[in-house]
Amino acid sequence: MIKRQILRVWTFYRDGFRSMTIGRTLWVLILIKLFIMFFILKLFFFPSFLKGKSPEEKQDYVGMELVNRSVDNSLTK
Amino acid sequence: MLASIDTSMIDWSRAQFALTAMYHWLFVPLTLGLAVIMGLMETLFVISGNEFWKRTAKFWMKLFGINFAVGVATGLILEFQFGTNWSNYSWFVGDIFGAPLAIEGIVAFFMEATFVAVMFFGWNKVSKKFHLASTWLTGLGATFSAWWILVANSWMQYPVGMAFNPDTVRNEMVDFVAVAFSPVAVTKFFHTVLSSWMLGAVFVIGVSAWFLLRKREKEFAIASMKVAAVVGLFASLVTAMTGDKSAYQVAQCQPMKLAAMEALYDGGTREPLTVVGDIKIPLMLSYLATHDFDGYVPGINNILLGGYALPDSTKALSVVEKMKNGKKVIAALADYREAKQEGDQVAMEAARQVIDENMKYFGYGYIDDPNDLVPNVWLSFWAFRVMVGLGMYFIAFFALILFLAWKRKLSKVNWLHYVALASIPLAYLAGQAGWIVAEVGRQPWTIQDLLPVNAAISRLETGSVQTTFFIFLILFTVLLIAEIGIMLKAIQKGPEEA
Numbered sequence: 001m002i003k004r005q006i007l008r009v010w011t012f013y014r015d016g017f018r019s020m021t022i023g024r025t026l027w028v029l030i031l032i033k034l035f036i037m038f039f040i041l042k043l044f045f046f047p048s049f050l051k052g053k054s055p056e057e058k059q060d061y062v063g064m065e066l067v068n069r070s071v072d073n074s075l076t077k
Numbered sequence: 001m002l003a004s005i006d007t008s009m010i011d012w013s014r015a016q017f018a019l020t021a022m023y024h025w026l027f028v029p030l031t032l033g034l035a036v037i038m039g040l041m042e043t044l045f046v047i048s049g050n051e052f053w054k055r056t057a058k059f060w061m062k063l064f065g066i067n068f069a070v071g072v073a074t075g076l077i078l079e080f081q082f083g084t085n086w087s088n089y090s091w092f093v094g095d096i097f098g099a100p101l102a103i104e105g106i107v108a109f110f111m112e113a114t115f116v117a118v119m120f121f122g123w124n125k126v127s128k129k130f131h132l133a134s135t136w137l138t139g140l141g142a143t144f145s146a147w148w149i150l151v152a153n154s155w156m157q158y159p160v161g162m163a164f165n166p167d168t169v170r171n172e173m174v175d176f177v178a179v180a181f182s183p184v185a186v187t188k189f190f191h192t193v194l195s196s197w198m199l200g201a202v203f204v205i206g207v208s209a210w211f212l213l214r215k216r217e218k219e220f221a222i223a224s225m226k227v228a229a230v231v232g233l234f235a236s237l238v239t240a241m242t243g244d245k246s247a248y249q250v251a252q253c254q255p256m257k258l259a260a261m262e263a264l265y266d267g268g269t270r271e272p273l274t275v276v277g278d279i280k281i282p283l284m285l286s287y288l289a290t291h292d293f294d295g296y297v298p299g300i301n302n303i304l305l306g307g308y309a310l311p312d313s314t315k316a317l318s319v320v321e322k323m324k325n326g327k328k329v330i331a332a333l334a335d336y337r338e339a340k341q342e343g344d345q346v347a348m349e350a351a352r353q354v355i356d357e358n359m360k361y362f363g364y365g366y367i368d369d370p371n372d373l374v375p376n377v378w379l380s381f382w383a384f385r386v387m388v389g390l391g392m393y394f395i396a397f398f399a400l401i402l403f404l405a406w407k408r409k410l411s412k413v414n415w416l417h418y419v420a421l422a423s424i425p426l427a428y429l430a431g432q433a434g435w436i437v438a439e440v441g442r443q444p445w446t447i448q449d450l451l452p453v454n455a456a457i458s459r460l461e462t463g464s465v466q467t468t469f470f471i472f473l474i475l476f477t478v479l480l481i482a483e484i485g486i487m488l489k490a491i492q493k494g495p496e497e498a
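Chains as they are written, first to last, in full-length UniProt numbering: chain X, 1 to 77; chain A, 1 to 498.
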């Protein structure tokens, strides 16, 4: 019963993708876009700034930053 | 602000965020707007059984699909930026900002993604009613997404339902309902989503007008225009009403934004609303801001100097006083951290009391010059007028379309078809102007009164932000060109047989 349902869903999607015309171009576009976003931009250009720090280290770092920035104006000049 | 883009890492990060948000907002409103219009068309098909409506709905669904595919996930880039460029902000807001975004990602996105497949692949495979439900649920999913994103944005404009924890240096959610259903979030949701329906309606009318100009698909074009004009008129009226409510809330929660929107430097009672230049509507600003023709509206100078009576009868503090309180609470945070390290409970308690009493001024502690609290007045003033002016124009536009439809002259008025076509970019301009009013007007705050941009930003190299700015500019421009190209091709092909 479950196997038949899974097969139906599989057939539904397979036939849907096969019958696409303009959709194929769109899928190529989506895949290229997601590749650029996750495997280039996120990986090489947008690492988490606080990555590698434990939660305690993060709160210490941000706490220090927030305290020091009140007297450190270098970021606004 | 953006004028000093060459010199500052903060401005580059802001420009990058603005660029990606504005590009993202080119895709989202059309998705929301077309979802309603094609849903209505399919409903007409299911009710009447007339294949004409199926063919009509399928054409707009195809354009929806193109826009959806190109625009999907472009918003994730904004989330990348939170972690990289705005790490202090991301930590400081804690789960308050994360929770709505997580709900958006898990519930709404998956709902959208599931039903969009049935919508596109399910014709003749599932029952008519199930297909119709899938179409509406796809639109509902997109609208739920918008809800949670707008809840997160509204919290930044009007932070409620949280408490600051000096141990974790984070704000913690104490009242989910206050965050999810804050009056600012509710108003912003209806204003933003309904203005998206308006854009969808203008798009459908404009494309239909192109078919009429080409003397193609007359019946399809006129029927599409009628449905879109009904949606558009309803949406534009509700957008105007929620806009009025939004202005009232801005006056209460972000008076500096309202003063910038009106370029009002010295306020007072019985204030007129400036249309442009010296054209003013007597008493109207006072009424819009306070719901009282005699109401007091503070100008930029009044807000900086303080001393005027607030609606709760207390006296407004000057910015200098707020800055002092802000420095006091930041010093207390430093004391708290030091006392905690030393295990001094009494000192911790004393510092905690100062923090709790003055937390609402926290962000002012990072301000050195009171003038830094004044947003770009020129941009706020004109963006507001562009948004409102176009909103009024669209009410008249939809009313005229419906009038001509009633007179059965819709296909005969050639000039109107050109106007309809030219109105498509104007609808996008109105949406972008709205976001400029909302976001430029609240500068320098990332979170109103709690965290200005100079405290929220990560210590990055300006060069790296500049590099990614141009990467985004190229990526999004390519996506936009691709969308326009694919869409024009689909429009030229026209509706196919049902």
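We treat Cβ as the ideally placed atom computed from N, Cα and C, and that holds for glycine.
Query	Result
Where A/Val-374 meets chain X, residues with beta-carbon distance less than 9 Å	In chain order: nothing, as chain X lies at least about 15 Å away.
Burial state of X/Ser-70, where buried means 16 or more other Cβ atoms lie within 10 Å	buried
Bridge-paired residues (DSSP) for A/Ile-281	A/Leu-273
Where the beta strand (DSSP E) through A/Thr-446 begins and ends	445 to 447
From A/Trp-155, A/Ser-423 and A/Gly-122, residue whose alpha carbon lies closest to that of A/Thr-135	A/Gly-122
Inter-residue spacing [alpha-carbon to alpha-carbon] between A/Phe-82 and A/Phe-234	36 Å
A/Met-261 versus A/Gly-299: straight-line alpha-carbon distance, rounded	10 Å
Residues of the region 19 to 37 of chain X with Cβ closer than 9 Å to any Cβ of chain A, in chain order	Ser-19, Met-20, Ile-22, Gly-23, Thr-25, Leu-26, Trp-27, Leu-29, Ile-30, Lys-33, Leu-34, Ile-36 and Met-37
Close beta carbons around A/Leu-305, own chain, < 6 Å, minus the five adjacent residues each side	Ser-318
Cβ pair count under 8 Å reaching 3, the region 462 to 480 of chain A against the region 383 to 391 of chain A	no
CA-to-CA distance, X/Leu-66 to X/Lys-58, given in whole angstroms	12 Å
Alpha helix (DSSP H) runs contained entirely in the region 304 to 387 of chain A, provided each spans 4 or more residues	319 to 342 and 345 to 358
Proximity winner among A/Leu-480, A/Leu-132, A/Leu-273 and A/Leu-19, relative to A/Ala-43 (alpha-carbon distances)	The question names Ala, but residue 43 of chain A is Thr in the sequence shown. Residue A/Leu-132 is the option with its Cα nearest to A/Thr-43.
Proximity of A/Tyr-366 and A/Asp-449 at Cβ, strictly below 8 Å	no
Sufficient close CB pairs (3 or more, under 8 Å) joining the region 77 to 97 of chain A to the region 19 to 33 of chain A	yes
Beta-ladder partner(s) of A/Leu-451, from DSSP	A/Ile-447
Whether A/Leu-63 touches A/Ala-351 by CB criterion (8 Å)	no
Interface flag, X/Glu-57 vs chain A, CB-CB below 8 Å	no
Bridge-paired residues (DSSP) for A/Met-173	A/Met-162
Of the residues A/Leu-410, A/Thr-168 and A/Met-162, the one placed nearest X/Glu-56, counting alpha carbons only	A/Thr-168
Residues that DSSP places opposite A/Tyr-296 in a beta bridge	A/Thr-269
Inter-residue CB distance, A/Met-162 and A/Val-151 (contact presumed, cutoff 8 Å)	With a Cβ gap of about 13 Å, A/Met-162 and A/Val-151 do not count as contacting.
Pair within 8 Å by beta-carbon distance, A/His-291 and A/Tyr-248	yes
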